[in-house]
Amino acid sequence: MVIKVAVNGIGTIGKRVAHAIKLQDDMKLVAIADVAATSWLRTVLEPEGPLYKTDLYASNKEGLEAMRNAGMFVNGLLEDLLASKKVDVVVDCTPGGIGAKNKAMYEKYGVKAVYQGGEEANVAEVSFVAIANYEKALNANSVRVVSCNTTSLARTLYALDKNFGIEEVLAVLVRRATDPWDEKPGPINAVVPEVHIPSHQGPDLQTVLPHINITTMACKVPSTLAHTHFVSGQLKRKASLDEIKNALEKTGRIVLLKASHGYTATSRIIERYRDLCRPRYDMYEVAIWDESITVKDKKFYWIHAVHSEAIVIPENIDAIRAITGIEKDKFKSIEKTNKSLGIKC
188 MVIKVAVNGI GTIGKRVAHA IKLQDDMKLV AIADVAATSW LRTVLEPEGP LYKTDLYASN
248 KEGLEAMRNA GMFVNGLLED LLASKKVDVV VDCTPGGIGA KNKAMYEKYG VKAVYQGGEE
308 ANVAEVSFVA IANYEKALNA NSVRVVSCNT TSLARTLYAL DKNFGIEEVL AVLVRRATDP
368 WDEKPGPINA VVPEVHIPSH QGPDLQTVLP HINITTMACK VPSTLAHTHF VSGQLKRKAS
428 LDEIKNALEK TGRIVLLKAS HGYTATSRII ERYRDLCRPR YDMYEVAIWD ESITVKDKKF
488 YWIHAVHSEA IVIPENIDAI RAITGIEKDK FKSIEKTNKS LGIKC
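Numbering (the working numbering), first residue to last: 188 to 532.
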């Protein structure tokens, strides 16, 4: 069975999800949709682009007029495509809040939906991270792939909780200011704290792992490459340093990199994925600084980096398999996705 998928919203996440869908042998990218003739939409549809010859639709009537006036060939409205029953799943990668507005349209035509972390948790039946709660999403009508930061916390904390149990966690997030392509937001010369504690990532994690007692604090800094998390907590039972490292590495989509090998900053980590010739230097993994992992009795500490543009891409692919039920074993889905994207861990 091949799942027919449309991607609505071709931005940072949408263009990557659409590309990843084309790499799967159990999915077909039927169409993409947007509202504006952006530079990246034009680029991905060029003959050398990864989405060349993919049918383009408009997300709404205003977008249809705007894109046609901008010289793009648009097949029609996304709603008309959904009404034709040619789509099984829509991956909604529109800006935060727009997905919730699109929900009624997807439900009207009986199309399953995958939403992104910019939406509120109540937009979907399940908030999703593949390794943590794949089974809960099986055959659901909708799931929400949680944000990049929440995904990194869910992967890593799931590993420890499954193996040792977790009493409590404190995570301090140093967030990048914006995506590298976006020249408009800041800060340029400031640190901007999120003054309400917990920051939203802690409660968001609990939509996936509700039993984890976590507090999060966050700020934005003048960087665009990656977020950095400073994580500490207490286990329910003692574990050695080697046991914790093994648990993290065996969970998958987590890589331990050594500062002593030259990975002394987020820029060095990103450069690794440039040199590995990853498309767009995408880092789908959580990158933990190996030397930062510390254990004292039941307490644990580490520092990790999150590539906000890429970490949720494999989760979206697994989410499609989960809600359609074409693969009921999360480990088989994860392995299949990893192989298609070149993820070795």
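Where a beta carbon is used, it is the ideal one built from N, C-alpha and C, also for glycine.
Own chain residues within Cβ distance below 8 Å of residue i, not counting five before or after
i: G263; result: Y244, A245, L251
i: Q388; result: S334, N336, T337, L340, A358, L360, T403, A405
i: R424; result: F351, G352, K485
i: A377; result: P409
i: R467; result: R203, E496, A497
Identity of the residues DSSP links to residue i by a beta bridge
i: P380; result: C406
i: S419; result: L357, Y488
i: I190; result: M214
i: I441; result: V473
i: I132; result: Within the shown structure, residues of the chain are numbered from 188 to 532, placing residue 132 beyond reach of any answer.
i: A245; result: D221, L264
i: V493; result: H414
Other residues of its chain near residue i: CB distance less than 6 Å, five sequence neighbours each side excluded
i: K215; result: V189, K191
i: R203; result: I500
i: T453; result: L412, A413, A492
i: Y321; result: A509, K517
i: Y293; result: V277, A300
i: I208; result: V192, M214, L216
Any C-beta of chain C under 8 Å from that of residue i
i: A474; result: Absent here is chain C; the protein component of the structure consists of one chain.
Cβ neighbours of residue i in the same chain (closer than 7 Å, five flanking residues each side left out)
i: A270; result: Y296
i: A324; result: V313, F315, V330, A506, A509, I510
i: E502; result: F315, V316, A317, V332, T338
i: A434; result: A346, L347, N350
Residue i - DSSP class collapsed to helix/strand/coil
i: H414; result: strand
i: L463; result: coil
i: L228; result: helix
i: A223; result: coil
Delimiting residues of the beta strand (DSSP E) encompassing residue i
i: I510; result: Taken as a continuous stretch (DSSP letters only), I510 belongs to no beta strand (DSSP E), being part of the alpha helix (DSSP H) at 500 to 511.
i: I475; result: 473 to 476
i: T481; result: 481 to 483
N- and C-terminal bounds of the alpha helix (DSSP H) containing residue i
i: L435; result: 428 to 438
i: V204; result: 199 to 209
i: D391; result: 388 to 392
i: T524; result: 517 to 528
* Fully enclosed by the segment 321 to 368, which beta strand (DSSP E) runs are 3 residues long or longer? -> 329 to 332, 353 to 363
* Which full runs of the alpha helix (DSSP H) of 4+ residues lie inside the segment 248 to 320, going along the chain? -> 248 to 256, 265 to 270, 285 to 295, 317 to 320
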